[in-house]
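*Asks:* Dumping the structure here so I can ask a few things about it.
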């Protein structure tokens, strides 16, 4: 049975600047933000693709990449779509 002293010790240990607990929480927060960014980019890019075969091809390409690669590819595709829209106007 842990008392108040055990709780204080745990809190002290977790509040240290370089504690593994804080690093884990920061990593999880960053990963959540990156996944959210990926989902927003995916919705924007794939929503603009009208034909199903092209959309399936993009999905297949995205499946083979890591998170950072998917985000970079989606950013590039979004920029290309913006350039195409600007040239079309």
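Numbering (my numbering), first residue to last: 4 to 92. Glycine included, every Cβ here is placed at the ideal spot set by N, Cα and C. What you are looking at is a predicted structure, and each value in this text was computed from that prediction instead of being measured.
(1) I need the straight-line Cα distance from residue 58 to residue 49, nearest angstrom please.
(2) If you measure between the beta carbons of residue 44 and residue 78, is that distance less than 8 angstroms?
(3) For the segment 5-70, which segments carrying the beta strand (DSSP E) assignment without a break, of at least 3 residues, lie completely within its bounds, in sequence order?
(4) Would residue 76 and residue 70 be called neighbours here (beta carbons separated by less than 8 angstroms)?
(5) How long is the line joining the alpha carbons of residue 7 and residue 15, rounded to whole angstroms?
*Replies:* Reading it off the structure:
(1) 6 angstroms
(2) yes
(3) none
(4) Cβ distance not < 8 angstroms, so residue 76 and residue 70 don't count as in contact.
(5) 12 angstroms
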